[in-house]
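Written below as structure tokens is the structure these notes are about.
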Amino acid sequence: MSMSLRTERLLLRPWRDQDLAAFAAMSADAQVMEFLPPLAEPEACAAWAARLTAHWRDHGFGRWVVELPGEASFIGVVGLAWISYQAHFTPAVEIAWRLLRAYWGRGYATEAARATLDYGFNKLGLAEIVAVTVPANLRSRRVMERLGMTHDPAEDYDHPNHPQGPWKRHVLYRLRNSRLAP
Numbered sequence: 562m563s564m565s566l567r568t569e570r571l572l573l574r575p576w577r578d579q580d581l582a583a584f585a586a587m588s589a590d591a592q593v594m595e596f597l598p599p600l601a602e603p604e605a606c607a608a609w610a611a612r613l614t615a616h617w618r619d620h621g622f623g624r625w626v627v628e629l630p631g632e633a634s635f636i637g638v639v640g641l642a643w644i645s646y647q648a649h650f651t652p653a654v655e656i657a658w659r660l661l662r663a664y665w666g667r668g669y670a671t672e673a674a675r676a677t678l679d680y681g682f683n684k685l686g687l688a689e690i691v692a693v694t695v696p697a698n699l700r701s702r703r704v705m706e707r708l709g710m711t712h713d714p715a716e717d718y719d720h721p722n723h724p725q726g727p728w729k730r731h732v733l734y735r736l737r738n739s740r741l742a743p
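Following this note's numbering, the numbering of the sequence shown begins with 562 at its first residue and continues without gaps.
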């Protein structure tokens with residue numbers, strides 16, 4: 562069963578069926594999806610939501626809907642998930658975020674991600690959390706750096722689920738749980 566998290570400005574809450582329309586609209590925005598594989602088809606968005614729900618059921622954690630109380634019931638998604646493919650750094654839990662463009666540049670991604678990291682390290686006891694993106698996604702990379710994540714170019718890799726093209730090469734950022742011994 563999923564739970565909610567609160568930050569100073571945000572509510573990270575479980576997915577609701579009525580979130581699908583807002584998620585689909587966000588996924589149809591070319592700027593939001595610039596560095597992500599397309600999800601514009603309704604079936605692809607519904608499949609993504611089904612995977613989100615299944616991850617919570619199977620692992621007890623996952624991705625939340627980000628809500629701005631009093632202003633917007635859906636501004637994006639943020640959370641944790643086991644990486645589903647094999648790479649040199651897996652098994653690993655990834656933190657990821659995606660926000661509506663109208664909410665970029667206000668620190669919401671960083672705020673929600675910090676709460677998510679705290680949950681992952683302090684409630685789940687994870688030893689490490691990773692983040693991945695394509696090299697050109699400078700906005701997300703800056704969030705990763707603000708979170709204290711580190712990048713070693715020697716760990717960059719070719720994503721096994723993407724053909725050659727803009728989504729093939731990925732950078733890897735890592736953050737260790739400071740409460741655990743190295």
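Positions of the beta carbon are idealized from the N, C-alpha and C atoms, including for glycine.
All of these numbers come straight from a predicted model, not from anything done at the bench.
- DSSP links Y718 through a beta bridge to H731.
- F635 is positioned such that its CB atom lies no closer than 9 Å to that of Y680.
- Judged by DSSP secondary structure, V704 falls within the alpha helix (DSSP H) whose first and last residues are L699 to R707.
- In the three-state reduction of the DSSP assignment, A653 falls in the coil class.
- Looking only at L660, A670, G668 and V691, the smallest Cα-Cα distance to A642 is reached by V691.
- Within the DSSP secondary-structure output, V638 pairs in a beta bridge with V626 and R659.
- Restricting attention to R700, A674, G637 and H720, the CA atom closest to the CA of A583 is found in G637.
- DSSP places L573 in the uninterrupted beta strand (DSSP E) bounded by L572 to R574.
- Non-local beta-carbon contacts of F650 in its own chain, meaning distances under 7 Å to residues more than five positions away in sequence, involve V691, E716 and L733 in chain order.
- Between Y646 and the set N722, E569 and R703, the nearest pair of CA atoms involves N722.
- Its chain contains V654, G681 and N738 as the residues whose beta carbon lies nearer than 7 Å to that of L687, once the 5 sequence neighbours on both sides are disregarded; these appear in chain order.
- The C-alpha of R730 is placed about 6 Å away from the C-alpha of H720.
- Distance between M587 and R577, taken at the CA atoms: about 16 Å.
- The beta carbon of A610 sits closer than 6 Å to those of L581, all from its chain and outside the five residues before and after it, given in chain order.
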